[in-house]
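Undergrad: Numbering (our numbering), first residue to last: 67 to 132. Glycine is no exception: its CB is placed at the ideal position from the N, C-alpha and C atoms. Computed from a prediction, not measured in an experiment: that's the story for all the values here. Before I ask anything, let me first share the structure, which is written out below as structure tokens.
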């Protein structure tokens, strides 16, 4: 089981070489990422304890030039 502070990883190739596409995916509980290794787009679950402000601040680490 991955921990809260672990980096998102690709659901297809398990690479951590990913970038955030959108802070919300098809639902508010997921973020949408792009894998730079296999070029896949995937969704990664947000943590339930994360409030909106914390979510935005945590998302910034994955957004280029944030």
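1) Give me the DSSP bridge partner(s) of residue 88.
2) Among 81, 112, 126, which has the Cα closest to the Cα of residue 100?
3) Among the residues of its own chain, which have a CB less than 7 Å from the CB of residue 79, if the five just before and after it don't count?
4) How many Å lie between residue 77 and residue 90 at the Cα?
5) Shorter than 7 Å, the distance from the beta carbon of residue 72 to the closest heavy atom of the ligand ZN, or not?
TA: In terms of the structure at hand:
1) 98
2) 81
3) 101, 103, 104
4) 17 Å
5) Because no ligand of any kind appears in the structure shown, any question about the ligand ZN cannot be addressed here.
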